[in-house]
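In my numbering, the protein residues as written are 38 to 360.
The beta carbon of each residue, even a glycine, is placed where N, CA and C say it ideally should be.
This is the structure we're talking about:
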């Protein structure tokens with residue numbers, strides 16, 4: 038990309054060179070989790086007005102699917118204790134999909150009272166994570182999800198499902214893809230409109246992604262209802278996205294600036310940065326509707342408020358090039 042400076046000189050600004058692959062989807066939904074999954078991992082509590090402005094800046098950048106907060110007990114996630122206040126302050130366009138995480142029926146009640154239009158539930162693919170994270174079992178997480186989904190349906194609100202530990206568990210190790218597929222099918226049968234398959238500790242590789250997706254698809258879960266949630270702990274997130282793209286997946290969870298990690302999983306690091314995903318997709322000729330420069334500005338703005346640099350390599354490189 039080239040632009041003209043104030044004195045008329047030509048200035049080069051980095052942008053991915055587009056080489057379209059006709060075998061891949063033509064467009065992808067970027068599901069932005071930075072305001073929720075990203076900020077909940079920060080040691081400092083971000084003020085409500087800063088969170089609201091972060092959401093607005095992401096929307097200006099072109100984000101149209103945004104997970105804004107979680108109605109979880111402040112005892113467990115104090116960084117998101119202001120969920121009601123944030124919902125009251127947000128004034129995003131109706132064209133933006135705004136999702137809130139509701140871990141239980143009480144969270145659902147709070148979310149509905151705050152005007153939520155879509156909620157998310159999460160379950161575990163492993164017994165140990167279910168016990169350590171939710172003090173229950175796999176079946177317990179599914180029973181809890183069923184109650185939340187049923188309540189959301191009664192209120193006319195859609196539900197997204199998360200499955201944690203789909204590709205590996207820090208205590209149990211390997212996770213059978215067939216177990217993930219069974220859980221995904223159950224969530225769909227309960228009424229979830231989409232299922233996000235989480236590589237919570239970032240150990241997946243492309244072949245593993247294909248094995249899990251093949252198992253899920255064989256269970257009858259439609260490919261357009263599947264999302265990929267890849268952490269970049271071992272630097273594999275983008276290659277895993279590419280593997281999922283080749284099977285037709287068109288929704289991916291990312292966090293602007295690479296914010297976030299799972300606070301309950303040892304060794305887990307940041308979510309895949311939205312900037313990294315968008316750079317790759319645009320290079321493949323895949324539409325996202327997101328302006329990389331504006332997105333980078335939003336990430337760097339938030340980095341100032343959380344007090345440490347963005348771990349996103351694309352955001353860092355674009356910022357340096359513009360400087």
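On a Cα-Cα basis, can you pick out the residue from 210, 325, 359, 105 that is closest to residue 333? Taking only the C-alpha atoms, the option nearest residue 333 is 359.
Which residue marks the beginning of the alpha helix (DSSP H) containing residue 179, and which one marks its end? That run of the alpha helix (DSSP H) goes 175-191.
Below 6 Å CB to CB, which residues in the same chain sit around residue 190 once its five sequence neighbours on both sides are set aside? Cβ neighbours of residue 190 beyond the five flanking positions: 228.
Length of the line joining the Cα atoms of residue 212 and residue 274: Roughly 18 Å between the two C-alpha positions.
If we count Cβ pairs, one from each stretch, closer than 8 Å, do we get three or more for the segment 238-257 versus the segment 208-225? Here the segment 238-257 lies against the segment 208-225, with 3 or more beta-carbon pairs under 8 Å apart.
So is residue 270 in contact with chain B if we call contact Cβ pairs under 9 Å? Here there is only one protein chain, and chain B is not present.
Which partner residues of residue 308 appear in the DSSP bridge assignment? For residue 308, which the question treats as bridged, DSSP gives the partners 268.
Could you tell me whether the Cβ atoms of residue 98 and residue 328 are closer together than 9 Å? Yes; because the gap between Cβ atoms is below 9 Å, this pair is in contact.
From this set, 209, 292, 79, which residue's C-alpha is nearest residue 440's C-alpha? No answer is possible for residue 440: the residues shown for the chain start at 38 and end at 360.
When DSSP builds the beta bridges, which residues end up paired with residue 147? Answer by DSSP bridge pairing: none, since residue 147 is not bridged.
Just to confirm, are residue 201 and residue 230 a CB contact at a threshold of 9 Å? Note that the C-beta distance between residue 201 and residue 230 is not below 9 Å.
CA-CA distance, residue 320 and residue 264? Cα-Cα distance, rounded: 21 Å.
In angstroms with no decimal places, state the Cα-to-Cα distance between residue 110 and residue 119. Those two C-alpha atoms are separated by around 10 Å.
Quick one: using the 10 Å Cβ neighbour count with 16 as the cut-off for buried, is residue 108 buried or exposed? By the neighbour-count rule (16 or more Cβ atoms within 10 Å), residue 108 is buried.
Which same chain residues end up closer than 8 Å to residue 331 when comparing Cβ atoms and leaving out the 5 residues on each side of it in sequence? Hits under 8 Å: 94, 97, 98, 99.
Would you mind stating whether residue 142 and residue 188 have Cβ atoms separated by less than 9 Å? Here residue 142 is near residue 188, since their CB atoms are less than 9 Å apart.
What are the partner residues of residue 105, as DSSP defines its beta bridges? Answer by DSSP bridge pairing: none, since residue 105 is not bridged.
Reduced DSSP category for residue 334 - H, G, I as helix; E, B as strand; rest coil: Judged by DSSP in its simplified three-state form, residue 334 adopts helix.
Could you check the C-alpha separation between residue 157 and residue 282 for me, to the nearest Å? Taking the Cα positions, residue 157 is about 23 Å away from residue 282.
For the alpha helix (DSSP H) that residue 223 lies in, which residues bound it at each end? Under the DSSP assignment, residue 223 falls in the alpha helix (DSSP H) whose first and last residues are 214-227.
Considering only the alpha carbon of each residue, which of 318, 311, 56, 296 lies closest to residue 77? Of the candidates 318, 311, 56, 296, the one whose C-alpha sits nearest the C-alpha of residue 77 is 296.
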